[in-house]
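Have a look at the structure below, then the notes.
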Amino acid sequence: KAGVTQTPRYLIKTRGQQVTLSCSPISGHRSVSWYQQTPGQGLQFLFEYFSETQRNKGNFPGRFSGRQFSNSRSEMNVSTLELGDSALYLCASSLGATGGAGYTFGSGTRLTVV
Amino acid sequence: GESVGLHLPTLSVQEGDNSIINCAYSNSASDYFIWYKQESGKGPQFIIDIRSNMDKRQGQRVTVLLNKTVKHLSLQIAATQPGDSAVYFCAESISGNTPLVFGKGTRLSVIA
Chain A
1 KAGVTQTPRY LIKTRGQQVT LSCSPISGHR SVSWYQQTPG QGLQFLFEYF SETQRNKGNF
61 PGRFSGRQFS NSRSEMNVST LELGDSALYL CASSLGATGG AGYTFGSGTR LTVV
Chain P
1001 GESVGLHLPT LSVQEGDNSI INCAYSNSAS DYFIWYKQES GKGPQFIIDI RSNMDKRQGQ
1061 RVTVLLNKTV KHLSLQIAAT QPGDSAVYFC AESISGNTPL VFGKGTRLSV IA
């Protein structure tokens, strides 16, 4: 079966711009979680969506937002980009569990802010 | 390939040797733990998990040990192969119902 698909794979943006990243979960998976990965902070939880509702939220500023569509595809948006937002953004999907073994990660979107 | 962690501790082992990767977790309420492997340019891949009612769990060439007293996990890889070269993360959760909290990761480098 197809895995978790994240688009685009690479993105370069300028400070102050906004960006939208997309995640298509595994077919049948209803939970989508987003993580930010940086060399300094490692993997940090952003938020989780289940059946179009945000179920959990990490400790990130309001510039980071997300949504989930009825087909379980999810997008995350970062507004007013800062240099520190440069990171690998990872999406993970699962059938329903929030932190369970059913998590499957995509390959991520590498965002570079210049 | 993409660098997933410029500041990670590195473990270098000879091909064929056993590897032991350690992890200290933070939340004493955590009762579910997972080890992930991340190769360059890819997302984390599930290796093995363990619940707090167990001290040890074995998979194919991998064993996870859990010491709840000192909040410590270890991942043992038997007969380490070049394909095992990657960054390894432990992650913790409460009953698998809270978002995973990841450790900082360890880079495993296998010397052929």
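Each protein sequence line maps, in turn, to chains A and P.
Count the first sequence with our numbering and you get residues 1 to 114, in order.
Count the second sequence with our numbering and you get residues 1001 to 1112, in order.
Cβ atoms here follow ideal geometry from the backbone N, Cα and C, with glycine treated the same way.
TODO: Starting from the beta carbon of K1042 of chain P, find every residue of chain A whose beta carbon is closer than 7 Å, and list them in chain order.
DONE: S107
- [ ] Measure from the alpha carbon of F45 of chain A to the alpha carbon of each residue in A:R67, A:S33, A:T80, then state which is nearest.
- [x] F45 of chain A has its Cα closest to that of A:S33, out of A:R67, A:S33, A:T80.
Task: Under 8 Å by beta carbon: chain A residues contacting K1056 of chain P - done: Near K1056 of chain P there are no residues of chain A at all, since even the closest Cβ is about 17 Å away, more than 8 Å.
Open item on the list: Please report the distance separating the alpha-carbon of I1050 of chain P from that of Y1025 of chain P.
Closed with: When rounded, the distance between both Cα atoms is 13 Å.
TODO: Have a look at F50 of chain A and G96 of chain A and give me their C-alpha separation to the nearest angstrom.
DONE: Cα to Cα, F50 of chain A sits roughly 7 Å from G96 of chain A.
TODO: Would you kindly work out how many angstroms separate the C-alpha atoms of Q36 of chain A and G28 of chain A, rounded to a whole number?
DONE: 24 Å
Task: Cross-chain neighbours of D1049 of chain P in chain A, by beta carbon under 8 Å - done: A101
Task: Other residues of its chain near L962 of chain P: CB distance less than 6 Å, five sequence neighbours each side excluded - done: Because chain P spans 1001 through 1112 in this model, residue 962 of chain P falls outside it and cannot be assessed.
Open item on the list: So with CB distances below 9 Å, who are the chain P contacts of S115 of chain A?
Closed with: Given a span of 1 to 114 for chain A in the structure shown, any question on residue 115 of chain A remains unanswerable.
Task: G1083 of chain P: contacting residues in chain A (beta-carbon distance under 9 Å) - done: By Cβ distance, chain A contributes nothing, its closest Cβ being about 18 Å from G1083 of chain P, past 9 Å.
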